[in-house]
Each structure stands twice: as C-alpha cells, then as structure tokens.
Amino acid sequence: MHKGLDQFEGEWQLARIIEDRRNGIEGRLAGIATFTRSGPLEMQYSEEGELVYGQQAAMLATRRYIWRGFEGEFANKIAVEFGDGRPFHVIALDRSMPDDNHHCDPDVYHVSYDFSHWPEWEAVWRVVGPAKDYRMISRYTRG
C-alpha cells in the first residue's frame with residue numbers, strides 16, 4: 001500500500017516502551033499522537049501522554065515535530081523536523097521498513113520505522129553516546 005503524508009493525518013493511540021540500558025530502567029508512555037495539517041505538504045505532529053519511568057511518579061510528557069512532504073521525484077519522502085524547524089531525519093515511504101540516522105554530537109540516534117502492518121506502525125529508536133544507551137519503541141494505532 002502506498003503511504004503519503006495525508007494518510008498520517010488525524011489521531012493515533014500511542015504506546016511507548018523505553019529501555020534504558022545504561023541505568024537499567026524501563027519507562028512506559030500511553031497517550032495520543034495527532035497529525036494536524038498546517039500546509040499543503042505539512043503536518044504538525046504533537047503527542048501527549050502519561051510517562052512512568054522506573055519508580056518515579058507518573059508525569060505528563062509532550063513532544064512536537066513538523067512532518068514535511070515533497071512533490072515530484074521526492075514525493076515518497078517525509079522530512080521530520082524539530083518543532084523549531086531544525087532538521088531531524090527523513091522517512092522514505094517507498095520502503096515498508098525505512099530507517100535513518102540523526103547525529104547530535106556526541107550521540108547517535110538511529111530510527112527504524114515499520115509500516116508493514118499499516119495502518120498500525122512503529123518507530124524504534126536506538127540511541128547511543130557517552131551518557132546515553134537506550135532503545136525506544138513507539139507503536140501507533142488508529143484511535
């Protein structure tokens with residue numbers, strides 16, 4: 001199935017597991033991710049949920065990104081940017097399991113998406129660096 005930016009629009013249930021290997025802690029987030037159109041080829045991504053991290057009290061967690069589509073020869077790609085517009089990574093929608101890297105010296109963030117069970121999908125982040133070593137699995141299902 002061909003996926004484009006439009007197919008993400010709307011609300012998704014979000015379930016996330018964070019495996020902190022450095023500290024031996026697991027975190028869990030349950031919440032909602034919403035893609036809201038903000039231009040012809042642009043969506044605002046926002047998520048909000050309850051995060052329980054190890055033995056800490058539950059807390060509200062939020063995150064925002066901009067997803068930008070393209071036309072022409074790059075129509076099968078989405079550029080994901082931080083909320084302030086800085087580049088983050090690219091998703092190649094012509095692959096069922098695209099991946100990409102983001103370097104934030106001295107840390108490296110590697111993401112693997114899995115769209116093979118669309119409209120359910122997931123993003124798995126592996127983050128390593130001098131002070132970081134974790135895996136974060138985010139699963140999205142239609143609300």
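Per the UniProt record's numbering, the sequence shown starts with residue 1, numbered consecutively. Here a beta-carbon is modelled for each residue, glycine too, at the ideal position from N, C-alpha and C. The model shown is predicted, which means the values in this text are computed figures rather than measured ones.
Determine which residues share a DSSP beta bridge with Pro87 and list them. BP columns for Pro87 point to Glu81.
Quick one: residues in its chain with C-beta nearer than 6 angstroms to the C-beta of Thr62, no 5 flanking neighbours on either side, listed in chain order? Answer for Thr62: Glu48, listed in chain order.
Member of Met97, Asp100, Val80 and Met136 whose CA lies at the smallest distance from the CA of Leu26: The sequence given here has Glu at residue 26, not Leu. Check the Cα spacing between Glu26 and each of Met97, Asp100, Val80 and Met136: the tightest is with Met136.
Alpha carbon to alpha carbon, what distance is there between Gly143 and Pro98? Roughly 24 angstroms separates the two Cα atoms.
Any 3 or more C-beta pairs closer than 8 angstroms across the stretch 35-44 and the stretch 61-80: Segments in contact, yes.
Are the beta-carbon atoms belonging to Thr141 and Glu120 less than 7 angstroms from one another? Yes, the Cβ-Cβ distance between Thr141 and Glu120 is below 7 angstroms.
Report yes if the C-beta distance between Glu50 and Ala33 is below 7 angstroms; otherwise report no. No.
To the nearest angstrom, how far is the alpha carbon of Val52 from that of Gly72? Cα to Cα, the separation comes out at about 43 angstroms.
My output table needs one value for Glu19: the three-state DSSP class, helix, strand or coil. Three-state DSSP puts Glu19 in a strand.
6 angstroms CB neighbourhood of His110 in its chain, flanking five on each side removed: So the qualifying residues of the chain are Asn101 and Arg126.
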